[in-house]
Amino acid sequence: MSIIDIEEEAKTICTRLYYGWVEREEISSLAKDALLYRTVQDRLDWIGLELIDRPECPWYVVRVKREHDSFTQFRKKNQSLKNAHLALILILYAKLLLPKRVGQVNINQILSISFEEIYEKYGHKFARSSKIPTSKKRMEGFLGVLITQGFIIKKRTEKIYFAGPSMYMLHEDLLTDLANSSLETLFGFGDYKDKPIE
Amino acid sequence: MEDAGDTSNLKQDYELAHSDIMKAKEIEKYHDLFRLFMTRDKEKITLCLAAVRTLARETEGIFSREEMDHVLSYLNSETRTYVIKTIVKYGWIVSNGIRYQFPERMRYMMMFLFNVFVGEMDSFSQEISVSLAVSDLDEVAGVDEDTSAQSLQMAFGTLRRIRVEFQSCVEQKSPVEARNLLVKGKDFHETIGKIEDRLNKINRNSYHYTQTTEVRRMLAEIMRLSQELHEFVQQDIQANARSFGQYLTPEQVEEFLHLASLERLAGIVQRNFSSPRKPHFLSSEELYRRGFDYLENKPEKQELTPAPPITEIIERHFEEVNSNGASDMFYTEIMNKLNQCSPVPLHEMVIKNNFGETVFRTGLLTTLRNELEDGDERIFEINLKDSILELREGFLKSITEGDIELFDVSKETKK
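Protein chains in written order, with our numbering: chain A, 4 to 201; chain B, 12 to 426.
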């Protein structure tokens with residue numbers, strides 16, 4: 004493959020990535036050709052995008068670099084994402100992606116979660132008030148928003164959810180943040196800052 | 012201690028493979044330290060302790076003599092009576108005449124004896140509270156100063172041991188050790204607060220007070236070490252995502268998800284949020300063009316399709332044809348009809364479904380005939396008969412019958 008060919012190929016791949024995510028099998032040439040991979044990465048780098056290529060991710064996904072991305076800007080355009088949705092994203096992240104990333108589960112295994120499990124375990128968190136329990140419809144509404152934003156993928160016939168491409172776009176620091184705050188809650192990390200001993 | 016009954020029975024019981032007796036045997040080497048009973052007989056003390064342990068384990072705090080007999084049925088009946096007598100005498104269990112009961116202090120004592128020395132405790136906070144209970148016991152019992160100091164030393168020894176554990180872990184930097192310590196030191200900070208309270212209660216004039224400064228120093232050091240350990244764990248997780256699994260099991264993560272508030276969970280995601288990109292379902296050419304423009308840094312705008320080339324349109328002169336007028340068109344129509352068949356019935360030519368049109372055509376026909384007669388060109392003739400034609404359709408019910416005929420030149424010449 005000559006350099007001109009690579010340029011052309013890279014251009015098509017970049018275009019496809021810019022307007023969404025692409026399955027790994029569809030552009031298998033990217034994995035084989037290191038020079039092509041490098042070119043694509045450079046191209047995306049110029050315009051402030053990052054190519055996410057994680058072994059557990061079945062897609063090639065692109066995300067805006069952290070310094071150019073801002074949550075407030077996104078919120079302005081998409082009013083649908085509320086705090087409850089974000090919390091639900093974290094819960095699903097911990098269920099669907101974290102075990103793979105941490106190495107507790109084999110990478111090739113496909114993790115899924117059923118609607119019943121989400122509803123029973125975490126439904127009470129999303130109640131409108133402490134007196135009214137969360138209805139199934141409300142929970143489905145939350146999940147529906149996440150599906151349209153691409154955070155999860157629903158199996159067509161059953162109420163079973165898989166991790167979507169947007170889930171892979173979340174920054175890696177989420178893992179350490181989650182670890183820190185859970186250690187804080189479970190083992191009293193950071194308590195000593197409040198109560199110093201002479 | 013009184014007469015011990017049959018020694019052979021005692022021996023037999025001592026050799027039993029009961030779990031409590033085995034446990035009691037493990038702390039035989041500390042008997043000198045405690046002087047729990049007046050006797051120095053190793054076997055008797057062991058059996059007493061084993062019995063107390065069984066009672067503490069298998070009863071619910073208050074029990075009758077029968078229940079006691081039932082629980083201690085693994086001992087020989089003579090030994091049993093002797094053991095019960097001894098532990099009642101030395102205050103291990105208290106009787107109110109009918110029922111027996113453990114004083115609270117004794118429970119702590121038992122926990123301390125069997126847990127601190129034999130096997131490890133689940134958490135540091137438990138260990139510390141047990142140690143404190145022991146020193147408390149000494150104070151209440153009013154033992155002499157040497158013994159008191161000794162047991163206090165032991166209580167502080169627990170703290171010292173904890174400190175050493177933390178130290179070695181921080182030095183070794185092994186995740187497994189760190190994880191164990193994390194689990195053990197779960198409510199550590201709360202317990203240290205309790206110790207502080209206890210230290211404040213101690214009388215300033217008493218012997219114990221002199222040692223409080225040392226304890227405080229030790230506690231501060233342990234706190235510092237635990238802080239170091241926490242920092243190490245945090246750095247380790249940051250450096251390597253895989254080590255996350257060594258510190259936190261999925262169950263613990265789930266527990267956190269349950270405990271934490273919605274806002275806190277949302278905050279974590281918000282800090283690491285990346286705007287999702289929706290896929291656009293565009294044609295491949297459109298995608299290529301858009302992507303190319305984007306990569307070339309061109310402003311994105313809709314490209315219009317090019318206008319078709321200008322072609323010359325030949326103008327036609329419709330006006331000339333139209334200028335002939337209605338009467339001319341009517342004339343050609345009549346002539347066409349007459350050329351096909353000579354006498355044409357009048358109603359075929361004139362009557363249409365529309366009333367206005369019929370009137371118009373009739374008028375046209377009369378004017379046309381007058382005009383042609385004026386110019387001496389008699390081309391067609393209208394023969395009218397005075398009879399009435401009835402029509403089934405249309406607006407007109409009746410009309411004068413007649414027909415139009417080509418003007419025959421031969422007829423005129425005959426006339």
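From the three backbone atoms N, C-alpha and C, an ideal C-beta is built for every residue, glycine too. Predicted model only: the values in this text are computed from it and were never measured.
Among the residues of chain A, none has a CB under 7 Å from the CB of B:E182; the nearest is roughly 20 Å distant. As for any beta strand (DSSP E) of minimum length 3 sitting wholly inside the segment 57-124 of chain B, the runs are 73-75, 110-112, ordered along the chain.
Of all alpha-carbon atoms in B:Q281, B:T90, B:Y258, B:L170, the one lying nearest the alpha-carbon of A:S73 is that of B:Q281. Here A:L54 carries a strand assignment [DSSP, helix/strand/coil].
Taking all protein chains in view, the Cβ of B:W103 is crowded by 16 or more other Cβ atoms within 10 Å, so the residue is classified as buried. According to DSSP, residue pairing for A:Y164 in a beta bridge involves A:I116, A:K157.
With a threshold of 7 Å between beta carbons, B:P319 makes no contact with chain A.
Not a single CB atom of chain A sits nearer than 7 Å to the CB of B:I233.
In the displayed model, A:I94 falls within a helix according to three-state DSSP.
Under DSSP, B:L395 takes part in a beta bridge, and its partners are B:G413. Bridge pairing for B:P356: B:D414 [DSSP]. If you compare the alpha carbons of A:T188, A:S32, A:I16 with that of A:V64, the shortest gap goes to A:I16. Here the alpha carbon of A:S132 sits roughly 41 Å from the alpha carbon of A:D56. Nearest to A:I121 by alpha-carbon distance, out of A:A90, A:K14, A:S32, is A:A90. A direct Cα-to-Cα measurement between A:L20 and A:E70 gives close to 20 Å. For A:I94, the closest Cβ of chain B is nearer than 7 Å. The beta-carbon of B:N283 is placed less than 7 Å from the nearest beta-carbon of chain A. Chain-ordered, the chain A residues with CB closer than 9 Å to the CB of B:I248 read L178, T179, A182, N183, L186.
Between the C-alpha atoms of A:L178 and B:K53 there is a straight-line separation of about 57 Å. Looking only at B:F341, B:L193, B:A318, the smallest Cα-Cα distance to B:Q245 is reached by B:L193. With respect to the 7 Å criterion, A:L101 and A:L114 are not classified as neighbours on the basis of their beta carbons.
Assigned with DSSP and collapsed to three states, A:E28 falls in coil, not helix or strand.
Taking all protein chains in view, the Cβ of A:H88 is crowded by 16 or more other Cβ atoms within 10 Å, so the residue is classified as buried.
Remark: fewer than three beta-carbon pairs, one from each stretch, lie closer than 8 Å, so the segment 374-394 of chain B and the segment 318-326 of chain B are not flagged as touching. For B:S30, the closest C-alpha among the options B:L58, B:V94, B:S237 is that of B:L58. Residues of the segment 76-92 of chain A that bring their beta carbon within less than 7 Å of a beta carbon in chain B comprise F77, N86, A87, L89, A90, I92, in sequence order. Separation of B:L230 and B:I203 (C-alpha to C-alpha, rounded to the nearest whole angstrom) is 7 Å. Residue state for A:Y63 is assigned as strand, using DSSP reduced to three classes. Of the other Cβ atoms in all chains shown, 16 or more fall within 10 Å of the Cβ of B:F284; this residue is therefore buried.
By the 16-neighbour rule on beta-carbons within 10 angstroms, B:I233 is buried.
Burial is judged here by how many other beta carbons sit within 10 angstroms of a residue's own beta carbon; B:T97 has at least 16 and is buried. For the 7 Å CB-CB criterion, B:V181 and B:E242 do not form a contact.
As the crow flies, the alpha-carbon of A:S31 is around 15 Å from that of A:L54.
Residue-level contact by beta carbon fails for B:P186 and chain A, as no gap is shorter than 7 Å. Minimum Cα-Cα distance from B:L66 among the listed residues B:G108, B:T50, B:P114 corresponds to B:P114. Contact between A:I156 and A:S117 does not hold, since their C-beta atoms are separated by about 14 Å, which reaches or exceeds 8 Å.
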